[in-house]
Amino acid sequence: MNPQQFIDALKGHGIELTEEQISQFDKYYEMLIHWNEKINLTAVTDKEEVYLKHFYDSLTPLFYKDIPEGTRLCDVGAGAGFPSIPMKIVRPDIKVTIVDSLNKRINFLNELTAELSLGDMHLVHDRAENFGRHTARHMFDMVTARAVANLNTLLELCLPLVRTDGKFIVLKGKRGLEELEDSTFALDLLGGKILETHQFTLPEEDSERYILEIEKVHKTPKKYPRKPGTPNKSPLK
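Here my numbering runs 6 ahead of the position in the sequence shown, where the first position is 1.
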């Protein structure tokens, strides 16, 4: 998917990019490739693949969900900024917090957000397990996560951050529904309820994708998330 195909594909979903936004995506790609030579940000470096697998894929939640203006969004384990930075470019009104455990990635994101002139950004170097136990607990209208862990683990890391009646949006590959079936216990325990699942195929390569929309129906018990590393080693089942 080249930049023009990206622009046209978004237009088909009701998203019309301005010249400034088109330029921001171009700068994003250039900085991603430049920094990737110094630190490992992505295995995907071909321009057309980045536009498809990173930029377009990150924006797919906007195809299905109307996000209220000024939404407070937290992206857990965003790595090189996916999905929250593409979403922020398209929706500059949302207030984005990114939590990542690797300081090198936070350094990249600091420089990126400055270069792209993105305001209302809060970049946090921390483990999600620690971040979700203190001031950020039950604070966000929406939390996103994309391909960082299995769903059982993600629920424990992310649901504590979501306010009651807020949403947790998970971007998953072909095992999305299978993971959801395995997560019934964790979902109920941690205060979540599945609202909708959206299945689609990524253009050009036809790979299967799922967007899981989970609503926070009650506060997460205080003992969760457990200490760093435990949600990944011993997922709730």
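In this text, a Cβ means the ideal position worked out from N, Cα and C, and glycines have one as well.
- Item | C-alpha distance - residue 309 paired with residue 112, whole-angstrom precision | Any answer about residue 309 is impossible in this case: the structure gives the chain only from 7 up to 243.
- Below 8 Å between beta carbons: does that hold for residue 82 and residue 96? no
- Using the rule of at least 16 other Cβ atoms within 10 Å of the residue's Cβ for burial, across every protein chain shown, is residue 8 buried or exposed? exposed
- Item | residue 51 in three-state terms, based on DSSP | coil
- Query: With 16 as the cutoff for other CB atoms within 10 Å, does residue 224 come out buried or exposed?
  - Reply: exposed
- With distances taken from CA atoms, which of 34, 155, 55 is nearest residue 91? 34
- For the ligand ZN, any of its heavy atoms closer than 7 Å to the Cβ of residue 243? In the structure on display, the ligand ZN does not appear, and there are no ligands present to speak of.
- Query: What number of angstroms, rounded off, separates the C-alpha of residue 235 from the C-alpha of residue 152?
  - Reply: 18 Å
- Item | Continuous alpha helix (DSSP H) stretch holding residue 239: start and end | 236-239
- Message: Using a 10 Å radius around the Cβ and a threshold of 16 neighbouring Cβ atoms, would you call residue 135 buried or exposed?
- Response: buried
- Is the beta carbon of residue 101 sitting closer than 8 Å to the one on residue 78? yes
- Would you mind giving the Cβ-Cβ distance between residue 188 and residue 158, rounded to the nearest angstrom? I have them listed as a contact below 8 Å. 7 Å
- Return yes when the Cβ of residue 191 is within less than 8 Å of the Cβ of residue 160, no when it is not. no
- Query: Since residue 127 is in the beta strand (DSSP E), which residue starts that stretch and which ends it?
  - Reply: 127-131
- Task: Check the C-beta distance from residue 129 over to residue 109 and give it rounded, since I have them as a contact under 8 Å.
- Result: The Cβ separation is near 10 Å, so there is no contact.
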